Amino acid sequence: MTTQDTAQVHRDLEGLVGKTIRSLQRVFYAIGDVVERNEGPLQLEFNDGSVVLFQSGANGRDLTVRSTPWRDPFAGELSEENRAYVAEHGKWSLFDVSGEHPFADVCGRRVARIAEIHLKEQLEAEGFPVAEAVAEGHIENFGVIVGVLLCVDGLTIRVESIMDELRVDVTAGQLPLHG
C-alpha cells in the first residue's frame, strides 16, 4: 500500500464541506467479547449516501482518506483455519457508534469547514525539536497530512494518525483553524 497524494487528500477533504453526517462507525479490534475501543479507523456516512473512511496510513504516520466503506477481510463464510485464527486472536470489526457519547452529538450536523493537521504542526504540538531534526536530515516532507479538524455546526471532530493509531476526539465549540 502506498501513501496517498497530499493534493488528492486535500481535494477529498474539501468535498466534505456542506455534507450532513448521518452516522459514524469505528473499526475496533475485538477478541471474543473484549473490544479495544481506544483507536481504530473512523467511517462517516452522509445524508447524500456518500462515505468517507479515515485510517492511519501504512507508514504509521499519514492520514489515509478514502471515499469507500471499510471492508471486513473476514466477511462471509470463513475457512476452518480463519475461524480458528479469529477465535484465538480476534479481528477488526465495524461498530456503529452513532448513539454513543460523544459521537451521538455529531449525527445530523453539517460539516461547516475543515482544517488539515500537517506533520510539522503535530510535531511542534508535541514539543519535538523540529528545527534540529530538519538540520540533521531526520525529517522530510513536513506538508504531509497526518490529521484533520472537521468543524460540524458547533463541534470539532479531531481525527489524527499518531504512531500507527487513529485517534478521534470530539470537542464542543469551533476550534480556531489555521493553515
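Residues in the sequence shown are numbered from 1194 upward in steps of one, following this note's numbering.
For each residue, glycine too, the CB sits at the ideal point set by N, CA and C.
Quick caveat: nothing in here was measured; it's all calculated off a predicted structure.
Original post:
Quick one, are the C-beta atoms of Val-1245 and Gly-1233 less than 9 Å apart?
Top reply: Residue 1245 sits at position 52 when you count from the first residue of the sequence shown. Residue 1233 sits at position 40 when you count from the first residue of the sequence shown. No, these two residues do not count as a Cβ contact at 9 Å.
**OP:** Pick helix, strand or coil for Val-1345, following the three-state DSSP scheme.
**Re:** Numbered from its first residue, the sequence shown carries residue 1345 at position 152. Val-1345: strand per DSSP, three-state reduction.
Original post:
Measuring CB to CB, does Arg-1302 end up less than 9 Å from Gly-1347?
Top reply: What you label residue 1302 is simply residue 109 of the sequence shown in a count that begins at 1. What you label residue 1347 is simply residue 154 of the sequence shown in a count that begins at 1. For Arg-1302 and Gly-1347, yes; Cβs fall inside 9 Å.
Original post:
Okay, do the region 1273 to 1281 and the region 1203 to 1211 touch, 3+ Cβ pairs below 8 Å being the bar?
Top reply: Contact between the region 1273 to 1281 and the region 1203 to 1211 is absent, because fewer than three Cβ pairs lie under 8 Å.
Original post:
In three-state terms, what does DSSP make of Phe-1296?
Top reply: The residue you call residue 1296 lines up with position 103 of the sequence shown. Phe-1296: helix per DSSP, three-state reduction.
Subject >> Cβ shell of Val-1202 (< 6 Å), same chain only, five flanking positions each side left out >> reply: For this step, residue 1202 is matched to residue 9 along the sequence shown. So the list reads Val-1258 and Ile-1338, once near-sequence residues are dropped.
**OP:** Output yes if chain D places a C-beta closer than 9 Å to the C-beta of Gly-1225; else output no.
**Re:** No chain D appears in the structure shown, which is made up of a single protein chain.
**OP:** Would you kindly report the start and end of the unbroken alpha helix (DSSP H) that includes Asp-1205?
**Re:** Stepping through the sequence shown from its first residue, residue 1205 is reached at position 12. DSSP places Asp-1205 inside the alpha helix (DSSP H), whose first and last residues are 1199 to 1207.
**OP:** Measure the alpha-carbon distance for Phe-1239 versus Ser-1272 and round it to whole angstroms.
**Re:** As a first step, residue 1239 is located in the sequence shown; it is residue number 46 there, counting from the start. As a first step, residue 1272 is located in the sequence shown; it is residue number 79 there, counting from the start. So the two alpha carbons sit approximately 35 Å from each other.
Subject >> Helix, strand or coil at Arg-1375 [DSSP, three-state] >> reply: An answer regarding residue 1375 cannot be provided, because it is not within the stretch 1194 to 1372 covered by the chain.
Subject >> Through-space distance from Glu-1270 to Arg-1360, alpha-carbon basis >> reply: Here residue 1360 corresponds to residue number 167 of the sequence shown, with the count starting at 1. Here residue 1270 corresponds to residue number 77 of the sequence shown, with the count starting at 1. Arg-1360 and Glu-1270: Cα-Cα distance of roughly 31 Å.
Subject >> Residues that Glu-1238 bridges to, as DSSP identifies them >> reply: As a working mapping, residue 1238 is identified with position 45 in the sequence shown. According to DSSP, residue pairing for Glu-1238 in a beta bridge involves Ser-1216 and Val-1244.
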